[in-house]
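Numbering (our numbering), first residue to last: 121 to 467.
Below is one structure, written out as structure tokens, with a few remarks after it.
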């Protein structure tokens with residue numbers, strides 16, 4: 121099948137012999153939230169052949185489709201012995217996030233929910249977690265993308281950059297940096313303390329933009345005010361990093377692709393951690409590491425329900441901002457209005 125061929129081609133040629141047994145077990149079943157019986161029968165048949173074990177259900181669907189899918193999973197008993205992997209965004213705002221959590225917990229307990237954010241699977245996470253605020257004046261988290269939204273603009277119309285990137289990836293990196301170093305559930309507790317200490321984002325410290333031509337993309341409203349760019353500042357009320365602003369920037373159709381964290385020190389020196397470069401030469405990519413953690417039952421690099429709820433509290437004030445996004449040219453660094461956000465040193 122095409123799916124088996126694609127899976128085989130994703131593996132380097134010199135390693136394909138070791139995955140043949142796995143590829144042979146791949147089965148593709150068309151199903152829907154209204155009727156999952158065919159899928160349930162296929163899973164039952166596989167378990168009769170291979171024996172029962174934990175199930176890993178990867179739910180890669182938008183928030184608007186997730187509750188119906190969860191109903192099917194519960195109705196067909198696919199949730200039995202299952203660990204559920206949920207893609208971001210975890211809802212579209214605080215209210216929908218709580219509804220989504222309630223729907224998840226109707227199906228499985230929280231300890232079987234794995235909210236995945238591939239930034240937490242990065243090889244650079246341990247280095248980020250070891251940082252201290254000593255001498256640090258400012259932290260910048262910069263994640264520009266050259267990619268536009270070809271073919272994905274319809275999805276973006278319901279999310280935008282704040283929901284897709286800021287409340288998820290960028291906020292998670294801030295949590296990793298500012299949390300006290302720990303392991304296992306203690307580390308998730310430490311990140312929860314950071315998110316609880318965050319002050320709500322301020323309109324005057326937030327710049328939203330939209331690249332010129334976005335409104336001409338398929339499935340985009342002619343008058344769309346959805347942001348494809350966001351720059352803002354995370355601040356903490358308490359904790360060791362309370363005096364250090366975290367200035368973040370991300371967007372589509374920008375000048376370069378990079379994922380970097382820069383620490384600016386009071387003495388004028390800088391330290392840059394290139395998160396993309398940390399992956400060079402490694403056998404497993406972030407998603408593979410995280411899926412291995414799910415299989416092992418290790419949730420430490422996953423987003424907990426209280427993390428997501430606190431982050432909606434932090435971001436929601438600017439979600440309600442009715443100012444139109446500032447236009448910017450594709451291939452640029454984004455709106456001019458964001459140039460001064462980091463202060464005299466710029467980006």
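Just so it is clear, CB atoms sit at the ideal spot from N, CA and C, and this is done for glycine as well.
In this structure, the alpha-carbon of residue 384 lies about 5 Å from that of residue 258. The Cβ-Cβ distance between residue 437 and residue 446 does not fall below 7 Å. Closest in C-alpha terms to residue 238, from the list 217, 274, 231 and 290, comes 290.
Per the Cβ contact rule, the region 307-315 is not in contact with the region 333-342 (fewer than 3 Cβ pairs under 8 Å).
Along the region 220-280, the alpha helix (DSSP H) occurs as fully enclosed runs of 4 or more residues at 245-249 and 273-276, listed in sequence order.
When the Cα atoms are used, residue 465 and residue 201 turn out to be separated by approximately 53 Å. In this structure the region 202-215 does not touch the region 242-260; the number of beta carbon pairs closer than 8 Å is below three.
Annotation for residue 447: the continuous beta strand (DSSP E) segment containing it runs 446-448. Residue nearest to residue 296 within the set 371, 405 and 253 is 253 (criterion: CA-CA distance). Fewer than three pairs of CB atoms, one per stretch, sit closer than 8 Å, so the region 267-285 makes no contact with the region 398-417. In the DSSP assignment, residue 202 falls outside any alpha helix (DSSP H) and lies within the beta strand (DSSP E) extending over 202-207. If you draw a straight line from the Cα of residue 214 to the Cα of residue 318, it comes to about 15 Å. Per DSSP, the beta-bridge partners of residue 318 are 356.
Straight through space, the alpha carbons of residue 378 and residue 330 are spaced by roughly 19 Å. Under the 10 Å beta carbon count, residue 146 is surrounded by fewer than 16 other beta carbons and is classified as exposed. Partner residues in the beta bridge of residue 330, as assigned by DSSP, are 447. With a threshold of 16 other beta carbon atoms within 10 Å, residue 462 meets it and is buried. Boundaries cannot be given for residue 147, as no alpha helix (DSSP H) includes it and DSSP labels it neither H nor E.
Between residue 142 and residue 136, the alpha-carbon positions lie close to 10 Å from each other.
The Cβ neighbour count for residue 275, taken over all protein chains shown within 10 Å, is under 16; the residue is labelled exposed.
Going by DSSP, residue 296 is part of the alpha helix (DSSP H) stretching over 291-298.
Judged by DSSP in its simplified three-state form, residue 134 adopts helix.
Here residue 304 is exposed: its Cβ has fewer than 16 other Cβ atoms, across all protein chains shown, within 10 Å.
In the three-state DSSP reduction, residue 394 falls in the strand class (E or B).
For a cut-off of 8 Å, the C-beta gap from residue 348 to residue 439 is around 15 Å, too long to register as a contact.
Straight-line spacing of the CA atoms in residue 159 and residue 150 works out to 8 Å.
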